[in-house]
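K.L.:
4 protein chains.
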Amino acid sequence: MTQVIVLNGGSSSGKSGIVRCLQAVLPDPWLAVGVDVLIEAMPAAMRASDDGIEFAADGGVSVGPEFRALQFAWMAGVAAMVRAGARVIIDDVFLGGAHSQRDWLDALDGLDVLWVGVRCEREVAVSRELARGDRIGGMAESQAELVHQGVRYDLEVDTTRTEALACARTIAARIAELR
Amino acid sequence: MTQVIVLNGGSSSGKSGIVRCLQAVLPDPWLAVGVDVLIEAMPAAMRASDDGIEFAADGGVSVGPEFRALQFAWMAGVAAMVRAGARVIIDDVFLGGAHSQRDWLDALDGLDVLWVGVRCEREVAVSRELARGDRIGGMAESQAELVHQGVRYDLEVDTTRTEALACARTIAARIAELR
Amino acid sequence: MTQVIVLNGGSSSGKSGIVRCLQAVLPDPWLAVGVDVLIEAMPAAMRASDDGIEFAADGGVSVGPEFRALQFAWMAGVAAMVRAGARVIIDDVFLGGAHSQRDWLDALDGLDVLWVGVRCEREVAVSRELARGDRIGGMAESQAELVHQGVRYDLEVDTTRTEALACARTIAARIAELR
Amino acid sequence: MTQVIVLNGGSSSGKSGIVRCLQAVLPDPWLAVGVDVLIEAMPAAMRASDDGIEFAADGGVSVGPEFRALQFAWMAGVAAMVRAGARVIIDDVFLGGAHSQRDWLDALDGLDVLWVGVRCEREVAVSRELARGDRIGGMAESQAELVHQGVRYDLEVDTTRTEALACARTIAARIAELR
């Protein structure tokens, strides 16, 4: 029985919409804890520093050693929530591709995880980034393919021409089969 | 030369995304003043009262006499901004259909307006409302066709299968032709 | 009878809280349209450009010619809302001191305006800016006294040791006297 | 050496401001995970249901069995983050007073915790709630004393007449002493 759903996709690929729809269509209550929650939890000063996370003007994102340390503790914490009985949806941006997946595989060791790739054609993601009016542009562009490199999925969805709700239903159907 | 763009569509039809894209693709700076700005400007108490605006649990929206009075003053103000030289994009939800358009026609008298209908298939708008995680559900459902009744447009766009940016480009192309 | 309340004060001086309290305690409905609403209405690109408004890393704010043009149109529009019957609360940051007030005096010509200065000790404003977690620090510091230079008020309030609600009640009492 | 800071106080008592200031003044990076983060992580449907969390019109808050289950898993997860090396600031509203503290004592067993009470005079908290423009009023009123019943603290701060930054400095000084 699936305990964790990990959604990986680039910025503006539509992960958040899928998460909200999943929470609405799945029969049980699932907690949604994405990388955005971690970033919000960090000190403001770490959101723009070499030690923390840096969002370059061109959409590039880099993380420093202190960010990494907090991130590992966070991952251990999320895994502990699952071991304590919560069902959890994690949405993340695997900036390190297969390496990022490896980190989660270690943290979630022994748990029943469904790995979902969230694809979106680069051009469409870029146009959605513009429509959202994000402060920092360029992330959709630079992350579109990068985050999927070497990552293995149980299931992939593509939001280019499919609504978030339909993607969520596809994922929920898979969860139901695995019961 | 177009001075005002009025976008009319139901909740979750995708107006806001089109507005942000329009501001990005149009060669001159345009101010975006939608009905959301008016609602935000009102006292909190009017957002849930018989005199103000009421959002029912089923997604129905009704407005009272004091809301109407402030709305008329607001419309006069927006028209004055245009007469003072600003280009303005108005996004609205014509709860009264043709009557709402009549009110704007009166306020914008003598100005060069492009009327744009923003359509979205009901089912898709409902699914996007869910993906957005809005507090009040049901508005997409109840407004999808209601707001277009009897309204006349210069141009219609449909976000069901077209991205906001592509819709914005269609509108911007029309603006360019009208120069 | 007062038709317009203009609140002027530096960033983090507590204007927004006073506005919300004023809307709650004043017997009639008042629209709140501050400079933040104008900035939100502008294209995202103008929020970081020489032509628009620039927020420097040290908290300095400068505006370009296109921002000024839209701002004047906006001011004319707000005045028109009042002439059309709305009572309006404007909260602004007079970066140009007395010159900024002169611009509003021109726009609001013939209307009954209450000019309110919102003071806050520099050190306290700076600490509140930190507590709010604003992205851009330094604005409280640089604007604390600058915005009041040469400005004439009907009434001044100081949020250093007085809650927003008490300040709002002082203003509302003056409005009542002027009826 | 302190690993966890728990701040407990009623709604609008000023906890969030203290948390942001603590993150700015403490020499190391601390993660901030409050009860608001948990509520945001839950399905939207649980924010208004008997099973989840219910915000009554009068400011009362009640939680159901499913909320409690997710909350316990969440607490276990936060404790695991600390055991994995993160320093964590928890801000909470102990609706159950001493019972809520007991739950955290169990979860944080063996960790070095600083318990901080955040007080604010009822009348001042109520006025700040109004100034914030929260959708649901009455929480400040009903929680002001309730949340402190039977709770034991290492330190208490009072935001009635002390700024968030000064409160944060008091807490940080205690942390420094305990090194």
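Taken in order, these protein sequences are the chains called B, X, Z and Y.
Take the first sequence: its letter number 105 is residue 111 in the numbering used here, and every next letter is one higher.
Take the second sequence: its letter number 154 is residue 160 in the numbering used here, and every next letter is one higher.
Take the third sequence: its letter number 163 is residue 169 in the numbering used here, and every next letter is one higher.
Take the fourth sequence: its letter number 53 is residue 59 in the numbering used here, and every next letter is one higher.
Backbone N, C-alpha and C define an ideal beta-carbon position, used for all residues, glycine too.
Q29 of chain B versus chain Y: which residues are under 9 Å apart at the beta carbon?
P.N.:
Position 23 of the first sequence, counted from the start, is the residue given in the question as residue 29 of chain B. Under the 9 Å cutoff, chain Y gives M48, P49, A50, A51 and M52.
K.L.:
Against chain X, with Cβ distances strictly below 8 Å, would P33 of chain Z count as a contact?
P.N.:
Taking the first residue of the third sequence as 1, we reach residue 33 of chain Z at position 27. No, no contact with chain X.
K.L.:
My assumption, with CB atoms under 8 Å, is that A137 of chain X sits in contact with L171 of chain B. Please give the rounded CB distance.
P.N.:
On the second sequence, position 131 is the one that residue 137 of chain X refers to. On the first sequence, position 165 is the one that residue 171 of chain B refers to. With 8 Å as the limit, A137 of chain X and L171 of chain B qualify as a contact, their Cβ atoms being about 6 Å apart.
K.L.:
For V88 of chain X, report the span of its alpha helix (DSSP H) as first-last.
P.N.:
For the purposes of this step, residue 88 of chain X is taken as the residue at position 82 of the second sequence. Residues P71 to R89.
K.L.:
So who's on the other strand from S68 of chain B, going by DSSP bridges?
P.N.:
Your numbering for residue 68 of chain B matches position 62 in the first sequence. Answer by DSSP bridge pairing, in chain order: B:E60.
K.L.:
Given that G139 of chain Z touches chain B, what residues does it touch there, using C-beta distances under 9 Å?
P.N.:
Position 133 of the third sequence, counted from the start, is the residue given in the question as residue 139 of chain Z. Those within 9 Å of G139 of chain Z in chain B are A50.
K.L.:
Quick one: is G40 of chain Z near chain Y, going by C-beta distance under 8 Å?
P.N.:
Mapped onto the third sequence, residue 40 of chain Z falls at position 34. Judged by the 8 Å Cβ criterion, G40 of chain Z is not in contact with chain Y.
K.L.:
With a threshold of 8 Å between beta-carbons, can V130 of chain X be considered close to chain B, or not?
P.N.:
Locating residue 130 of chain X in the second sequence gives position 124, counting from the first residue. It does: the Cβ of V130 of chain X has a partner Cβ on chain B nearer than 8 Å.
K.L.:
When the Cα atoms are used, what is the spatial distance from E6 of chain Y to R180 of chain Z?
P.N.:
The displayed coordinates of chain Y run from 7 to 185. Any statement about residue 6 of chain Y would go beyond what the structure contains.
K.L.:
So, is the C-beta of W80 of chain X closer than 8 Å to a C-beta in chain Z?
P.N.:
Taking the second sequence and counting its residues from 1, one reaches residue 80 of chain X at position 74. Judged by the 8 Å Cβ criterion, W80 of chain X is in contact with chain Z.
K.L.:
Using a Cβ-Cβ cutoff of less than 7 Å, which residues in the same chain neighbour D34 of chain Z once the five nearest sequence positions on both sides are dropped?
P.N.:
Position 28 of the third sequence holds residue 34 of chain Z. Excluding residues within five positions, the ones whose Cβ falls inside 7 Å are R93.
K.L.:
With a threshold of 16 other CB atoms inside 10 Å of the CB of H154 of chain B, please say whether the residue is buried or exposed.
P.N.:
As a working note, residue 154 of chain B is residue 148 in the first sequence. Result: buried.
K.L.:
Using a 10 Å radius around the Cβ and a threshold of 16 neighbouring Cβ atoms, would you call D97 of chain Y buried or exposed?
P.N.:
Within the fourth sequence, the letter at position 91 stands for residue 97 of chain Y. With 16 or more Cβ atoms within 10 Å of its Cβ, D97 of chain Y is classed as buried.
K.L.:
Does the region 102-117 of chain Y touch the region 109-123 of chain B, meaning 3 or more C-beta pairs lie closer than 8 Å?
P.N.:
Counting Cβ pairs under 8 Å, fewer than three are found: no touch.
K.L.:
Quick one: which chain Z residues come within Cβ less than 7 Å of A75 of chain X?
P.N.:
Sequence index remark: in the second sequence, residue 75 of chain X carries index 69 (1-based). Here the neighbours are G91.
K.L.:
Select from X:F100, X:A51, X:A38 and X:G144 the residue whose C-alpha is nearest the C-alpha of I142 of chain Y.
P.N.:
On the fourth sequence, position 136 is the one that residue 142 of chain Y refers to. When only C-alpha atoms are compared, the closest one is X:A51.
K.L.:
Name the residues in the region 137-169 of chain X whose C-beta lies less than 9 Å from a C-beta of chain B; which are they?
P.N.:
Taking 9 Å as the Cβ-Cβ cut-off against chain B, the residues of the region 137-169 of chain X that qualify are A137, R138, G139, R167 and E169.
K.L.:
Please state whether DSSP places D164 of chain B in a helix, a strand or coil.
P.N.:
Locating residue 164 of chain B in the first sequence gives position 158, where the first residue counts as 1. Reduced to three states, the DSSP call for D164 of chain B is strand.
K.L.:
Can you list, in chain order, the residues of its chain whose CB lies under 6 Å from that of G15 of chain X, leaving out five sequence neighbours each side?
P.N.:
For the purposes of this step, residue 15 of chain X is identified with residue 9 of the second sequence, where counting begins at 1. K21 and V124.
K.L.:
Give every residue of the same chain whose Cβ lies closer than 7 Å to the Cβ of Y159 of chain B, excluding the five residues on either side of it in the sequence, and list them in chain order.
P.N.:
As a first step, residue 159 of chain B is located in the first sequence; it is residue number 153 there, counting from the start. Excluding sequence neighbours, Y159 of chain B sits near W121, V122 and G123.
K.L.:
Reducing DSSP to helix, strand and coil, say where A38 of chain X ends up.
P.N.:
Within the second sequence, residue 38 of chain X is the residue found at index 32, counting from 1. Strand.
K.L.:
In three-state DSSP terms, what is I142 of chain X?
P.N.:
Working through the second sequence from its first residue, we reach residue 142 of chain X at position 136. Coil at I142 of chain X, not helix or strand.
K.L.:
When DSSP labels each residue in this structure, what does V122 of chain X get in the three-state scheme?
P.N.:
The residue given as residue 122 of chain X occupies position 116 in the second sequence. It is a strand residue.
K.L.:
Would you list the residues sitting across from I95 of chain Z in a DSSP beta bridge?
P.N.:
Indexing the third sequence from 1 puts residue 95 of chain Z at position 89. Paired residues: Z:I11 and Z:A38.
K.L.:
Kindly list the residues whose CB is nearer than 8 Å to the CB of S55 of chain B, restricted to its own chain and excluding five residues on each side of it in sequence; keep chain order.
P.N.:
The residue labelled residue 55 of chain B in the question sits at position 49 within the first sequence. The residues are G70.
K.L.:
Please report the distance separating the alpha-carbon of E162 of chain B from that of C126 of chain B.
P.N.:
The residue given as residue 162 of chain B occupies position 156 in the first sequence. The residue given as residue 126 of chain B occupies position 120 in the first sequence. The alpha-carbon atoms of E162 of chain B and C126 of chain B are separated by roughly 11 Å.
K.L.:
To the nearest angstrom, report how far apart D118 of chain X and G23 of chain Z are at their CA atoms.
P.N.:
In the second sequence, residue 118 of chain X corresponds to position 112, counting from 1. In the third sequence, residue 23 of chain Z corresponds to position 17, counting from 1. Rounded to the nearest angstrom, the two C-alpha atoms are 39 Å apart.
K.L.:
State the DSSP-derived secondary structure class of S148 of chain Y, mapped to helix, strand or coil.
P.N.:
Along the fourth sequence, one-based indexing puts residue 148 of chain Y at 142. The answer is helix: DSSP assigns S148 of chain Y an H, G or I state.
K.L.:
Under the assumption that R147 of chain Y contacts G65 of chain Y (Cβ atoms under 8 Å), give the Cβ distance between them as a whole number of angstroms.
P.N.:
Residue mapping note: residue 147 of chain Y aligns to position 141 of the fourth sequence, counting from 1. Residue mapping note: residue 65 of chain Y aligns to position 59 of the fourth sequence, counting from 1. Reading off the sequence shown, one finds Glu at residue 147 of chain Y, where the question assumed Arg. 6 Å between Cβ atoms; contact.
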